[in-house]
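Okay, structure first, notes after.
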Amino acid sequence: MSTNQKGTALITGASSGIGAVYADRLARRGHDLILVARNRERLEALATRLREDTGRSVGVIVADLGARADLARIEHELRTNAAISVLVNNAGIAMSGDLVDSDPDRLESMIQLNVLAPSRLALAVIPGFIARGRGTLVNISSVLALAPERFNGGYSGTKAYLLNLSLRLQQEVADKGVRVQVVLPGATRTAIWEKAGTDIASFPPNIVMDVDDMVDAALAGLDHGETVTIPALPDVAEWEAYEAARQRLIPNLSRSVPAARYRAATAR
Ligand SMILES: NC(=O)c1ccc[n+]([C@@H]2O[C@H](COP(=O)([O-])OP(=O)(O)OC[C@H]3O[C@@H](n4cnc5c(N)ncnc54)[C@H](OP(=O)(O)O)[C@@H]3O)[C@@H](O)[C@H]2O)c1
45 MSTNQKGTAL
55 ITGASSGIGA
65 VYADRLARRG
75 HDLILVARNR
85 ERLEALATRL
95 REDTGRSVGV
105 IVADLGARAD
115 LARIEHELRT
125 NAAISVLVNN
135 AGIAMSGDLV
145 DSDPDRLESM
155 IQLNVLAPSR
165 LALAVIPGFI
175 ARGRGTLVNI
185 SSVLALAPER
195 FNGGYSGTKA
205 YLLNLSLRLQ
215 QEVADKGVRV
225 QVVLPGATRT
235 AIWEKAGTDI
245 ASFPPNIVMD
255 VDDMVDAALA
265 GLDHGETVTI
275 PALPDVAEWE
285 AYEAARQRLI
295 PNLSRSVPAA
305 RYRAATAR
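Next comes the structure, spelled out in structure tokens:
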């Protein structure tokens, strides 16, 4: 149980890449930590370093979030540990190549990890946040949520799901002292690409961000009070214009009659 004022941040997928940098930054910001992933050795090594460097309390829970029993253990922790003030839903895997050639079992595992796990973890933590009148949920999506043409459609679909979930959740909890931020990183230099069978060296260097820069930008976005943070996007007005166009569509997306362009064909 944390006794510090900032509370405890639970970070999934903290054993490498983006999650490990979140762990470092949140410890330096004064949070105690609970690090979650499958690789105990890497988690323990990071925990030891962060305890030494920051003096924070750092716990480790080894869990495979694709396995229902392990996921339930993390949900239980989120429901019962009132010190938890931040959840970073970061663990994820990618799959490369065309969807038509994809292994359906890998697709299922990816949906379990990228969609089911963060959804259940969000539902586990939010009631406590609301009851305590504070808490921050960070969901790591991807710019591919906005660019399905650029990568495997199953992967980008999982990230679009997280964007939708976050937008609605933020609306539901905004007046309850709870924050929801969804981060849309572009290509970021981590091991995820190699694990998905894609050589990151094949990407133009000008589209790949270093992981430290990505996480620092995401945390700056959090500090600015953003719900959606796109670390690489140079001009935020472009996102705002996209959002404004989407909002303009909303009142016309559901109506009692078909649009005029469809009526001619069905007229008797
Ligand atoms: N890198 C990019 O270009 C990029 C861009 C946009 C979004 N993202 C997103 O960022 C997040 C982090 O990815 P990353 O780039 O940092 O990749 P990464 O270095 O491969 O890290 C993925 C993390 O997830 C954990 N993980 C994987 N499967 C797991 C499972 N079944 N149960 C629990 N933990 C599991 C891994 O730890 P263990 O193997 O120890 O379990 C690792 O800590 C992902 O959601 C990814 O989709 C990445």
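Basically the working numbering = 1-based index in the sequence shown + 44.
In this text, a Cβ means the ideal position worked out from N, Cα and C, and glycines have one as well.
Computed from a prediction, not measured in an experiment: that's the story for all the values here.
Segment limits, beta strand (DSSP E) that includes Leu183: The question names Leu, but residue 183 in the sequence shown is Asn. Taken as a continuous stretch (DSSP letters only), the beta strand (DSSP E) holding Asn183 covers 179 to 184.
With 16 as the cutoff for other CB atoms within 10 Å, does Asp68 come out buried or exposed? buried
Straight-line CA distance for Tyr306 to Gly201? 29 Å
Per-residue DSSP class, three states only, for Asp97: helix
May I ask you to report which of helix, strand or coil DSSP gives Leu160? Under the three-state reduction of DSSP, Leu160 is assigned to helix.
Is it a yes or a no for the segment 193 to 207 touching the segment 245 to 257, going by three-plus beta-carbon pairs under 8 Å? Inter-segment contact for the segment 193 to 207 and the segment 245 to 257 is absent: fewer than three beta-carbon pairs are separated by less than 8 Å.
Where the beta strand (DSSP E) through Ser129 begins and ends: 128 to 133
Helix, strand or coil at Asp68 according to DSSP, with G and I counted as helix: helix
Buried or exposed for Leu297, going by 16 or more other Cβ atoms inside 10 Å? An exposed status is given to Leu297, since fewer than 16 other beta-carbon atoms sit within 10 Å of its beta-carbon.
Any non-hydrogen atom of ligand 1 closer than 7 Å to Lys220 Cβ: No, ligand 1 has no heavy atom inside 7 Å of this Cβ.
To the nearest angstrom, how far is it from the Cα of Glu282 to the Cα of Pro275? 13 Å
Do you know how far the Cα of Val102 is from the Cα of Ala166? Roughly 21 Å separates the two Cα atoms.
On a Cα-Cα basis, can you pick out the residue from Leu87, Gln291, Ile105, Glu121 that is closest to Ile170? Glu121
For the segment 170 to 183 and the segment 216 to 226, state whether three or more C-beta atom pairs, one from each stretch, are separated by less than 8 Å. yes
Leaving out five residues before and five after Val65 in sequence, what residues of the same chain have Cβ atoms less than 7 Å from its Cβ? Val255, Asp256, Val259
Cutting at 7 Å between CB atoms, please list the residues of its own chain near Thr242, excluding the five before and the five after it. Only Ser140 meet the Cβ criterion.
Are Asp129 and Thr56 close, meaning C-beta to C-beta below 8 Å? The question names Asp, but residue 129 is Ser in the sequence shown. No, they are not a contact pair.
Roughly how many whole angstroms lie between the Cα atoms of Ala235 and Glu152? C-alpha separation (whole angstroms): 21 Å.
Measure the CB-CB distance between Ser59 and Leu87 and report whether it falls below 8 Å. Cβ atoms of Ser59 and Leu87: closer than 8 Å.
Rounded separation between Leu263 and Asp147 - CA only: Computed Cα separation, rounded: 35 Å.
Start and end residues, alpha helix (DSSP H) containing Ile236: From DSSP, the alpha helix (DSSP H) with Ile236 extends over 236 to 239.
The alpha helix (DSSP H) with Arg290 in it runs from where to where? 280 to 293
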